[in-house]
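Just below is one structure, and these are the notes that go with it.
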Amino acid sequence: MLTPTNARRHKIAAIPADGIGPEVIEAGLEVLEALQWRCNDLSFEVTRYDWGSTYYKKYGRMMPSDGLEQLRNYDAIYFGAVGAPDIPDHITLWGLRLPICQGFDQYANVRPTRILPGIPTPLRCKGVGDLDWVIVRENSEGEYSGHGGRAHRGLPEEVATEVAIFTRVGVTRIMRYAFQLAQARPRKLLTVVTKSNAQRHGMVMWDEIAEEVAPEFSDVTWDKVLVDAMTVRMTLHPESLDTIVATNLHADILSDLAGALAGSLGVAPTANIDPERRFPSMFEPIHGSAFDIAGKGIANPVATFWTACQMLEHLGEHDAAMRLMKAIELVCAAGIVTPDVGGNATTRIVTDAVIEAIRSSND
Ligand code: IPM
Ligand code: MG
19 MLTPTNARRH KIAAIPADGI GPEVIEAGLE VLEALQWRCN DLSFEVTRYD WGSTYYKKYG
79 RMMPSDGLEQ LRNYDAIYFG AVGAPDIPDH ITLWGLRLPI CQGFDQYANV RPTRILPGIP
139 TPLRCKGVGD LDWVIVRENS EGEYSGHGGR AHRGLPEEVA TEVAIFTRVG VTRIMRYAFQ
199 LAQARPRKLL TVVTKSNAQR HGMVMWDEIA EEVAPEFSDV TWDKVLVDAM TVRMTLHPES
259 LDTIVATNLH ADILSDLAGA LAGSLGVAPT ANIDPERRFP SMFEPIHGSA FDIAGKGIAN
319 PVATFWTACQ MLEHLGEHDA AMRLMKAIEL VCAAGIVTPD VGGNATTRIV TDAVIEAIRS
379 SND
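To convert a position in the sequence shown, counted from 1, into this note's numbering, add 18.
Shown next as structure tokens:
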């Protein structure tokens with residue numbers, strides 16, 4: 019077949035990894051193939067990597083020592099999930115996902131949440147449109163810096179420290195990213211989350227840097243909320259929020275709450291972005307490896323499809339991203355959903371329905 023000269027070809031590294039990761043990533047790759055079929059001149063060159071817990075059991079590491087080198091020249095990384103019941107979580111996490119996020123300086127973790135049509139929310143009297151957020155999670159430092167240590171192991175006087183690191187560079191760049199994102203959204207509304215009443219060093223610096231950056235974005239309305247109060251606001255006044263920025267750990271916790279309020283973690287996507295585009299960015303569902311349902315064919319593929327939308331946006335493929343998002347919404351609205359959101363469809367059925375919706379989508 020002749021390839022048109024203006025073809026847009028994107029090189030994708032797929033790392034399905036553990037648990038339901040392979041099931042949802044295969045579903046996602048099929049959906050990308052359908053988009054390739056539907057959208058003129060769009061194509062993907064996908065390479066699969068077998069890194070993860072099974073690889074660890076064979077080779078004693080989660081990925082090869084030159085793993086980052088192997089990934090460096092891709093346009094994007096499509097990632098499933100890490101974590102296995104018989105390997106400590108900190109080993110799987112620090113062996114694969116975090117080295118990629120930190121090694122490629124993917125400092126902006128972007129987590130959109132919306133109530134999709136057809137997905138029931140636990141929120142009272144709320145529905146589609148009342149919850150439409152993007153959480154921007156600082157993804158390179160803070161509580162996930164890996165600093166600290168343990169001394170006198172096993173003795174009564176054992177001590178362990180877990181040091182959160184906040185740098186002016188790190189906080190300023192995520193704050194700018196969040197203000198920019200808020201500015202690009204219709205409501206131009208940003209909420210900065212900290213805990214600067216109790217944590218009086220790093221968190222106070224966050225507040226100060228928010229004040230400093232805000233004047234660069236005079237059309238953005240912004241406010242500050244403490245993280246504990248934020249859980250109340252998210253639950254009782256979801257419509258008062260739009261774009262949210264928080265530290266690595268705070269946003270980790272808030273994004274689980276956001277996922278639950280939107281119906282299920284099974285629909286929640288995330289993007290680990292290097293905004294400067296020096297390295298490939300990484301796209302994954304939030305839900306994790308979910309070994310309890312692995313191999314049963316009932317994993318919800320929606321989060322993995324939605325993160326593919328984020329990947330397509332990042333690659334500049336806005337038409338394909340929109341087409342995919344519309345297909346997801348159509349299928350959810352038709353009630354073709356997996357058990358975690360109250361349906362009885364399998365991964366296969368949802369995937370086929372999304373593929374069909376893409377193939378028959380209008381111009
Ligand atoms: C997430 C996850 C991870 C995190 C886990 C798997 C370590 O909860 O992406 O939110 O805390 O970053
Ligand atoms: Mg989390």
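Every residue, glycine too, gets a C-beta built ideally from N, C-alpha and C.
These numbers come from a predicted model, not from an experiment.
#### Entry: Nearest neighbour of Ile291, chosen from Met329, Ala280, Thr265, Phe323 [CA to CA]
Ranking the options by Cα distance to Ile291, first place goes to Met329.
### Message
Going by C-alpha to C-alpha distance, which of Gly167, Leu173, Arg194 sits closest to Ala182?
### Response
By alpha-carbon distance to Ala182, the top candidate from Gly167, Leu173, Arg194 is Gly167.
#### Entry: Asp36 Cβ short of 7 Å to the ligand IPM heavy atom set
For the ligand IPM, no non-hydrogen atom lies closer than 7 Å to the CB of Asp36.
### Query
Mind checking Pro233: buried by the 16 CB within 10 Å criterion, or exposed?
By the C-beta density criterion, Pro233 is exposed, having fewer than 16 other C-beta atoms within 10 angstroms.
### Query
In three-state DSSP terms, what is Asn266?
Note: Asn266 maps to helix in three-state DSSP.
### His165 - partner residues in DSSP beta bridges
Paired residue(s): Val181.
### Message
Taking 7 Å as the limit between beta carbons, can you name the residues of its chain near Pro174, skipping five residues before and five after?
### Response
For Pro174, same chain residues with a beta-carbon under 7 Å away, outside a window of 5 residues either side, do not exist.
#### Entry: Helix, strand or coil at Glu335 according to DSSP, with G and I counted as helix
Note: Glu335 maps to coil in three-state DSSP.
### Message
Quick check: is any heavy atom of the ligand IPM less than 7 Å from the C-beta of Thr288?
### Response
At least one heavy atom of the ligand IPM is nearer than 7 Å to the Cβ of Thr288, so yes.
### Supposed close pair Gly98, Gly147 - CB separation, criterion 8 Å
Separation of the CB atoms of Gly98 and Gly147 is rounded to 31 Å, and the pair is thereby denied contact status at 8 Å.
### Task
Please confirm whether Met300 and Ile118 have their CB atoms less than 8 Å apart.
Yes.
### Query
Buried or exposed: which applies to Asn91, given that a residue is buried once 16 or more other Cβ atoms fall within 10 Å of its Cβ?
Asn91 sits exposed, since fewer than 16 C-beta atoms from the chains shown fall within 10 Å of its C-beta.
### Query
Which partner residues does Gly160 have in the DSSP bridge list?
DSSP lists Ile183 as partners of Gly160.
### Three-pair Cβ contact test at 8 Å for the segment 317 to 333 versus the segment 128 to 140
Yes, since at least three Cβ pairs between the segment 317 to 333 and the segment 128 to 140 fall closer than 8 Å, the two stretches touch.
### Task
Would you tell me roughly how many angstroms separate the C-alpha atoms of Ile192 and Ala228, rounded to the nearest one?
The C-alpha of Ile192 lies about 10 Å from the C-alpha of Ala228.
#### Entry: Those residues, in chain order, that have a beta-carbon closer than 7 Å to some heavy atom of the ligand MG
Applying a distance threshold of 7 Å between residue Cβ atoms and the heavy atoms of the ligand MG selects Asp270, Ser273, Asp274, Ile304, given in chain order.
### Query
With 16 other CB atoms within 10 Å as the buried threshold, where does Ser214 fall?
Label assigned to Ser214: buried.
### Message
Here's the rule I'm using: 16 or more other beta-carbon atoms within 10 Å means buried, otherwise exposed. How should Ser282 be labelled?
### Response
Classification of Ser282: buried, given that the 10 Å Cβ count is 16 or more.
### Task
Spatial neighbours of Met19 within its chain, please: CB distance less than 8 Å, with the 5 preceding and 5 following residues excluded, ordered by chain position.
Reliability of the predicted coordinates at Met19 is poor, the pLDDT of 48 falling under 50, and no value is obtained from them.
#### Entry: alpha helix (DSSP H) segment containing Tyr74, residue limits
It spans 71 to 77 - the alpha helix (DSSP H) in which Tyr74 sits, taken as one unbroken run.
### Secondary structure of Arg115, DSSP reduced to three states
Arg115 falls in the helix class under three-state DSSP.
### Query
Does the ligand IPM have even one heavy atom less than 7 Å from the beta-carbon of Leu330?
For Leu330, the CB stays at least 7 Å from every heavy atom of the ligand IPM.
### Query
Looking at Leu149 and the ligand IPM, is the gap between the Cβ and the nearest heavy atom below 7 Å?
Exclusion of Leu149 from the 7 Å shell around the ligand IPM follows from its C-beta lying no nearer than that to any non-hydrogen atom of the ligand.
### Query
Going by beta carbon distance, what residues of the same chain come within less than 6 Å of Ile33, once the five residues before and after it are set aside?
Counting only Cβ-Cβ distances below 6 Å, and skipping sequence neighbours, we find Tyr67, Trp69, Phe97.
### Message
With three or more C-beta pairs closer than 8 Å as the rule, is the segment 189 to 204 touching the segment 152 to 167?
### Response
These segments touch.
#### Entry: Minimum C-alpha distance to Asn58 - residue among Arg27, Gly164, Leu86, Gly78
Of the listed residues, the one whose Cα sits closest to Asn58 is Arg27.
### Leu279 vs Thr190 beta-carbon contact at 8 Å
Thr190 sits away from Leu279, with the two beta carbons spaced by 8 Å or more.
### Message
Would you say the beta carbon of Gly101 is closer than 7 Å to some non-hydrogen atom of the ligand IPM?
### Response
Annotation for Gly101 indicates a beta carbon within 7 Å of some heavy atom of the ligand IPM.
### Distance CB(Ile311)-CB(Arg341) smaller than 8 Å
Not in contact: Ile311 and Arg341 (Cβ atoms no closer than 8 Å).
### Selected residue, minimal CA-CA separation from Tyr77, among Gly277, Thr369, Gly113
Taking each of Gly277, Thr369, Gly113 in turn and checking the Cα distance to Tyr77, the smallest one comes out for Gly113.
### Ranges of the beta strand (DSSP E) found wholly within the segment 318 to 373, counting only runs of at least 3
Counting only runs of 3 or more, we get nothing.
#### Entry: Three-state secondary structure assigned by DSSP to Pro303
Of the three classes helix, strand and coil, the one that applies to Pro303 here is strand, per DSSP.
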